[in-house]
Amino acid sequence: MNNPFQNALSQLARANKVKPFNPEFMSRLHQPNREVHISIPVKMDDGTLKIFEGYRVQYNNARGPYKGGIRYHQDTEINEVKALAFWMALKCAVANIPMGGGKGGITVDPKELTKTELENLSRGWVKLMAPLIGPEVDVPAPDVNTTPEIMGWMVDEYSKITGDKTNATFTGKPISVGGSEGRGPATGLGGFYTFKVMQEKLSLPESCDIVIQGFGNVGGNAAEILANDGHKIIALSDSKGAIIKEDGIDIVALNEYKKVNKRIGGFPGSREITNAELLVLPCDVLIPSALENQITEENANNIQAKLVMELANGPTTPEADDILYSRGIPVIPDILANAGGVTVSTFEWEQNLIGEHWTEADVFAKLKKIMDQETNLIYNRSKELNTDLRRTAFIVALERIEQAIK
Ligand code: GLU
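Here the sequence shown is numbered in the numbering used here, starting from 2 and rising by one per residue.
Next up, the structure:
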């Protein structure tokens, strides 16, 4: 049974074994500061009333306001949100941005709602959470299935309720309501900067064969950026299925195809495979960019990548980490590899608070500096500590959080 929060705590214990931290500090990190459950009433288009379960977990704010996305997914539940909130606290520390960790969610399959219902649900989340969030307190953002448009509704609802005019309570907003240049591709791009550092360290080929699980905001942008850098995306999946095309998938054409067909299966020149097959394809880099618990003790022995880069949160279980480590396959952990999103979110929050709007070039340059620096630091520390990149990233994050508490 893979409870994401149990996995997160087990990762914490494993890092603490390599470098023991103060036991009081450790026990403090075993539960969130605050866990909020709400029931959101939504008037459906057919006139009926439906109640949705919503959450916000405010894990740790030693380094700054709670920060993290809101996930809309039919399987979202409190243990997942707690794990995601915990990882956000570590991620913000890894990126060395002045934020703590939080996460929110609603148990819903947004594809089953009309646009009006989705808007009412999103505004409903804000109505109930408004007293608990704010620019200096807790700053939510997009996550799985939540878009800039949804952030736009949320920030509008928040300002209606509180009169706040900064727009700084939500990030990942449309540019017209204070969004930042570059927030859309930020997670994929941050992962790309990390990949470039690791490509050199691990002497990976100049043109890598890459497999990407997930074709949402993160996987889609990563695919495009990596293809533009001369790599071959040989296989890809979305929530409905997976495709392979050994001579490389044209990502621009695939985007067009998906817009029309609402799926990637059937893309001309490709073959359909299963998600399980996708994960174990021979390749240089495997990039899980979807959900948790994808690489487990069931399939870790069959992974044939030279490098795993986690753009999803929590895709690899601790048991799988051990197997991959013993097989010499490095895993760039989520809290480093996908930190680009929250980093540009933090730039957005800063711009809102000081009333500036930075250029895309400025945003990308600042992001690259952070990703390059922290990737190098974590790689070098892992050599000193003689452990994997996840334990090292945890240790670096924990040192920074502990420092802030002191
Ligand atoms: N949901 C993203 C993550 O998991 C971004 C969070 C944010 O921008 O605050 O890192």
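Even for Gly, the Cβ is constructed at its ideal location relative to N, Cα and C.
Just so we're clear, the structure is a prediction, and the values are computed from it rather than from any experiment.
Quiz item: Taking the alpha carbon of E299 as the point to measure from, which residue in G179, P319, V286, L312 has its own alpha carbon closest?
Solution: P319
Quiz item: Is any heavy atom of the ligand GLU found at a distance shorter than 8 angstroms from the C-beta of T438?
Solution: No statement about residue 438 is possible, as the shown extent of the chain runs from 2 to 407 and does not include it.
Quiz item: From what residue to what residue does the beta strand (DSSP E) around A405 run?
Solution: Taken as a continuous stretch (DSSP letters only), A405 belongs to no beta strand (DSSP E), being part of the alpha helix (DSSP H) at 390-406.
Quiz item: How many Å lie between V345 and I371 at the Cα?
Solution: 11 angstroms
Quiz prompt | Closer than 8 angstroms: P58 CB and nearest the ligand GLU heavy atom | solution = Here the sequence assigns Val to residue 58, which means Pro is not the residue at that position. Incorrect: V58 has no Cβ contact closer than 8 angstroms to the ligand GLU.
Quiz item: Can we say the region 329-339 touches the region 186-198, given the rule of at least three CB pairs closer than 8 angstroms?
Solution: yes
Quiz item: Any chance the CB of K92 is under 8 angstroms from a heavy atom of the ligand GLU?
Solution: yes
Quiz item: Are L312 and A187 close, meaning C-beta to C-beta below 9 angstroms?
Solution: no
Quiz item: In whole angstroms, what is the alpha-carbon distance linking E207 and K369?
Solution: 20 angstroms
Quiz item: Unbroken alpha helix (DSSP H) runs of length 4 or more, entirely within the region 266-296: which are they?
Solution: 276-280
Quiz item: Roughly how far, in whole angstroms, is the beta-carbon of P141 from the beta-carbon of I151, given that I think they are within contact range, below 8 angstroms?
Solution: Rounded, the Cβ-Cβ distance is 10 angstroms, inconsistent with contact.
Practice problem: With P42 as the anchor, note down where its beta strand (DSSP E) starts and where it stops. | Solution: 35-44
Quiz item: From this set, T108, K92, G191, which residue's C-alpha is nearest G102's C-alpha?
Solution: K92
Quiz item: How is the alpha helix (DSSP H) around Q7 delimited, first residue to last?
Solution: 5-19
Practice problem: Would you check if there are 3 or more beta carbon pairs closer than 8 angstroms linking the region 323-331 to the region 342-358? | Solution: no
Exercise. Compare the C-alpha of S238 against each of A291, Q404, P42 and name the closest.
Key: A291
Practice problem: Return helix, strand or coil for A131, following the three-state DSSP convention. | Solution: helix
Self-check item: Proximity below 9 angstroms, CB of I234 to CB of I252
Solution: yes
Quiz item: With respect to the alpha helix (DSSP H) encompassing A321, which residues constitute its N-terminal and C-terminal limits?
Solution: 319-327
Quiz prompt | Of the listed residues V58, E54, D248, nearest to T108 (C-alpha basis) | solution = E54
Practice problem: Determine, using beta-carbon pairs with one atom in the region 172-186 and one in the region 355-363, whether at least three such pairs fall under 8 angstroms. | Solution: yes
Practice problem: Work out the CA separation of R29 and I396 for me, nearest whole Å. | Solution: 16 angstroms
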